[in-house]
Every structure is written in structure tokens, then in C-alpha cells.
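Chains A and B, in that order, are what the protein sequence lines are. Heads up: the first sequence begins at 247 in this note's numbering, then just goes up one per residue. Heads up: the second sequence begins at 24 in this note's numbering, then just goes up one per residue.
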Amino acid sequence: MDAFARLSDEIQELVSEFSSAPVVGNLTFGLTQYSFFLLVAAVVFCIIMAIFVKKQKLVPHGFFVNGVEYLVEYVENDVAKGVVGTGWRKHFPFLATIFFFILINNFIGLIPGMKPGTGAIGCTAALALVTFIYFVYYGCKKHGVIGYLKSLAPAGVSFPMNVFVWIIEVFSLLLRPITLAIRLFCNMFAGHIVMGSFAIMATLFAEPLLEHFSAMNALGALPSIAWLVILLIIYVVELIVAFVQAYVFTVLAAVYIQIAEAEGH
Amino acid sequence: MGVIGYGLGVIGAGLAIGLAAFGATSAMARQPEIQGRAFTVFILASAFTEALGLIGFVVTLIS
Chain A
247 MDAFARLSDE
257 IQELVSEFSS
267 APVVGNLTFG
277 LTQYSFFLLV
287 AAVVFCIIMA
297 IFVKKQKLVP
307 HGFFVNGVEY
317 LVEYVENDVA
327 KGVVGTGWRK
337 HFPFLATIFF
347 FILINNFIGL
357 IPGMKPGTGA
367 IGCTAALALV
377 TFIYFVYYGC
387 KKHGVIGYLK
397 SLAPAGVSFP
407 MNVFVWIIEV
417 FSLLLRPITL
427 AIRLFCNMFA
437 GHIVMGSFAI
447 MATLFAEPLL
457 EHFSAMNALG
467 ALPSIAWLVI
477 LLIIYVVELI
487 VAFVQAYVFT
497 VLAAVYIQIA
507 EAEGH
Chain B
24 MGVIGYGLGV
34 IGAGLAIGLA
44 AFGATSAMAR
54 QPEIQGRAFT
64 VFILASAFTE
74 ALGLIGFVVT
84 LIS
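Set out below in C-alpha cells:
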């Protein structure tokens with residue numbers, strides 16, 4: 247079984263392929279493969295929304311308009327109204343933008359040969375930082391800067407204890423953007439690594455058969471059918487993950503906005 | 024060695040997803056009308072715990 251012996255080398259090569267490499271220019275100033283597909287996703291996003299706005303009528307017709315409208319209403323009802331509650335209208339554009347941007351990025355990464363823009367830590371960190379600044383800004387706007395800092399500790403806790411609670415709350419506040427960024431990045435990165443590993447396994451087992459046809463090689467290629475089936479199953483799971491991660495990011499952004507704007511704990 | 028590290032790291036995440044699925048299924052069995060809401064919460068909870076397992080996976084691969 248030399249296929250298994252070669253597997254670890256192949257996977258090392260796969261992982262090195264997934265680290266950011268410049269396509270144009272260099273790493274300081276230029277395009278990596280991830281930022282290239284980020285731009286592609288942004289253009290696709292603009293085109294989809296432009297067509298959607300143009301085609302929109304009082305009674306929607308067709309798969310495309312209905313599909314986009316369903317997603318918009320999903321964000322509106324489930325995330326904005328359901329989580330943010332009163333004053334959801336002000337935050338709806340931000341939440342919908344984040345949701346659709348991540349969704350389109352994730353789905354573009356699932357097309358074979360393309361990479362997800364959200365598969366690089368830089369992109370997800372930027373998204374998380376924007377969310378962080380957004381909810382801190384709205385918290386400060388609602389309570390005032392001093393009031394917001396005070397509102398981090400729950401009211402009604404006596405003096406020595408509320409200082410400790412406040413410190414813990416500040417830590418959890420600063421951890422929020424980090425966990426947001428790492429969750430999305432790890433899901434996209436790991437999902438693609440797993441899919442790539444099973445694709446490599448399928449080819450490694452089938453390789454001897456393609457080079458030289460014999461009964462022994464045909465028998466050795468049988469496991470690659472199983473790897474292929476697993477690959478397809480993982481692909482379907484990744485389709486779900488692409489949607490769920492966009493949803494989770496948006497819901498968490500909504501929860502943080504709701505906490506920042508809440509009247510006292 | 025890295026593979027063993029990932030195996031150790033995924034124990035907790037596996038337990039957590041199992042517990043979440045257990046809670047969701049028993050809640051749905053007791054109260055079928057809450058199915059949609061319970062499923063959303065289950066997906067959210069498993070996304071959080073799955074992220075922990077994936078952090079172990081990615082750190083193993085990178086280091």
C-alpha cells in the first residue's frame with residue numbers, strides 16, 4: 247500500500263497550497279489568490295443585486311427574484327426582527343450586507359478550482375473588526391461613551407464585586423471579534439482541506455489503474471469509489487456549512503448589537 | 024504526532040455536538056410544535072462547538 251505512504255506528503259503539499267501566495271505583486275501590495283476571489287465575489291454580489299433591483303416588481307416572478315427575496319426576508323424576519331428586536335430597521339442594511347457578502351464568498355469557494363475569499367484570516371478579521379466597531383459605536387451612541395463602559399457591568403452588583411465583573415465583561419467584549427474571525431476562517435479553511443484530502447486519496451488509489459490496466463490494479467482502485475462517495479457527502483455538508491456560517495456570523499453580529507443597545511442588564 | 028493532537032482535541036467537540044443533538048431531539052420529541060425553533064438553536068450550538076474542533080484541526084495542520 248504505497249498510496250498511504252505518499253498521502254502525508256501530498257497533504258503537506260495541499261496545505262502549503264492553501265497559504266496565501268501573491269498572484270499579482272507581492273504580499274505587502276498586491277493580490278493573493280484569496281483577495282482575487284474576494285474581488286470576484288464582490289463583483290458577483292453587485293451584479294446579483296443590480297439584476298435583482300431591476301427585475302423587482304410588486305408581484306415577484308421567477309426563481310431568481312423569488313430566491314433572493316426569500317433570503318432577504320429570512321435575514322429580516324429571523325435575524326433583524328427576531329434577535330435585534332425594536333430598532334431593527336436601522337441595523338438591517340448592515341446585517342444583510344454582511345450575510346450576503348459572506349454567503350456569496352463561501353459559495354464561490356465551493357466551485358471547483360476557486361478559493362473562498364473568507365478562507366484567509368485577513369478577510370474574516372476585517373469583517374469581525376467592522377462588526378466590532380459597528381456595535382461599539384452604536385452602544386456609545388445610545389448610552390454615551392461613559393454610559394456604555396458602565397453598562398458593561400450589570401447593574402445591582404455591590405461595589406467590590408462589580409469591578410471584577412466589569413473586567414471579565416471587558417475581556418469577553420474584546421474576545422468577540424477574535425472568535426468571530428477564527429470561527430469563519432477555520433470552517434472555510436478546514437472544510438476545503440478535508441475535501442482536498444479525500445480528492446487526493448481518490449486519485450492516489452486510482453492512479454496505478456490509469457497507468458497500467460491489470461486485475462490487481464483494478465482491485466486496488468476500488469477504495470477510490472468509497473473516497474469519491476465520501477467526497478460527495480462532504481461537499482453536500484460544505485454546502486450547508488457555507489450557509490450556516492454566514493447565518494451564524496450574522497446572528498452573532500445581531501446579538502452583539504442587541505446587547506450593546508440594551509437598556510441595562 | 025499532530026494527528027494524535029487533533030484526535031485529543033476533537034473529543035470535547037464531539038461530546039458537545041452529541042449533547043446538543045441529544046437535547047434537540049428530546050425537545051422535539053416532547054414538543055413537536057417547537058421543531059423549527061429547536062432546530063435553529065441546535066444548528067447555532069453545533070456551529071459554535073464545531074468551530075472548537077476545527078480550531079484544533081487547523082492548528083494541527085499549520086504548526
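The beta carbon of each residue, even a glycine, is placed where N, CA and C say it ideally should be.
Inset, instruction - Use the C-beta contact count for Gln491(A): other C-beta atoms within 10 angstroms, 16 or more gives buried, fewer gives exposed. - result: buried
Inset, instruction - Determine the direct distance from the alpha carbon of Gly35(B) to that of Leu485(A), and round the result to whole angstroms. - result: 25 Å
Inset, instruction - Could you list which residues in chain B have their beta carbon closer than 7 Å to that of Arg429(A), in chain order? - result: Residues of chain B passing the Cβ test: Ala74.
Inset, instruction - Using a Cβ-Cβ cut-off of less than 8 Å, list which residues of the stretch 52 to 71 of chain B approach chain A; keep chain order. - result: Thr63, Ile66, Leu67, Ala70 and Phe71
Inset, instruction - Quick one: grab the DSSP three-state call for Val270(A). - result: strand
Legend entry - Opposing strand residues paired with Leu285(A) [DSSP bridges]: Note: Leu285(A) sits in no beta bridge, so no partner.
Inset, instruction - Taking Glu415(A) as the reference, give the member of Tyr280(A), Lys301(A) and Ile505(A) with the closest Cα. - result: Selected option, being the one with the closest Cα: Ile505(A).
Inset, instruction - Note down, in chain order, each residue of its chain lying with its Cβ closer than 7 Å to the Cβ of Phe80(B), except the 5 sequence neighbours on either side. - result: Tyr29
Inset, instruction - Could you work out which residue in Gly437(A), Leu284(A), Cys432(A) and Ser460(A) is closest to Ile350(A) when comparing CA atoms only? - result: Leu284(A)
Legend entry - Inter-stretch contact (C-beta, 8 Å, three-pair minimum) for the stretch 390 to 408 of chain A and the stretch 341 to 357 of chain A: Verdict: no, contact absent.
Legend entry - Whether Met434(A) touches Leu477(A) by CB criterion (8 Å): no
Inset, instruction - Could you say which of Ile66(B), Val26(B) and Ile27(B) lies nearest to Phe45(B) if we only look at CA atoms? - result: Ile66(B)
Legend entry - Range of the contiguous beta strand (DSSP E) that encloses Thr278(A): Gly276 to Thr278
Legend entry - chain B within 8 Å of Ala488(A), Cβ atoms only: no
Legend entry - Exposure label - Ile446(A); buried when at least 16 CB within 10 Å: buried
Legend entry - Contacts that Ala436(A) makes with chain B (C-beta to C-beta distance below 7 Å): The contacting residues are Leu77, Phe80 and Val81.
Inset, instruction - Tell me whether Thr377(A) is buried or exposed, calling it buried when 16 or more other Cβ atoms sit within 10 Å of its Cβ. - result: Here Thr377(A) is buried, its C-beta having at least 16 other C-beta atoms within 10 Å.
Legend entry - Under the three-state DSSP convention, the category Thr332(A) falls into: coil
Legend entry - Supposed close pair Ala47(B), Ala61(B) - CB separation, criterion 8 Å: At roughly 5 Å, the Cβ-Cβ gap stays under 8 Å, so Ala47(B) and Ala61(B) are in contact.
Inset, instruction - Establish whether the CB of Leu31(B) and some CB of chain A are separated by less than 8 Å. - result: no
Legend entry - Cβ distance (whole Å) where Leu253(A) is taken to contact Ile439(A) below 8 Å: Not really, about 13 Å apart at Cβ, beyond 8 Å.
Legend entry - Proximity below 8 Å, CB of Val286(A) to CB of Leu277(A): No. Outside cutoff.
Legend entry - Listed by chain order, chain E residues near Leu84(B) by CB distance under 7 Å: Chain labels in this structure do not include chain E; the protein chains are A and B.
Legend entry - Where Val497(A) meets chain B, residues with beta-carbon distance less than 8 Å: Leu67
Legend entry - Nearest-angstrom Cα separation, counted from Tyr394(A) out to Val382(A): 8 Å
Inset, instruction - Return no unless some Cβ of chain B is closer than 8 Å to the Cβ of Asn433(A). - result: yes
Legend entry - Member of Gly328(A), Ala296(A) and Leu421(A) whose CA lies at the smallest distance from the CA of Val314(A): Ala296(A)
Inset, instruction - Using beta-carbon positions only, say whether Gln279(A) and Lys361(A) come within less than 8 Å of one another. - result: yes
Inset, instruction - Count the other CB atoms, across all protein chains shown, that sit within 10 Å of the CB of Ile85(B); report buried if there are 16 or more and exposed otherwise. - result: exposed
Legend entry - Distance, Pro423(A) Cα to Asp255(A) Cα: 35 Å
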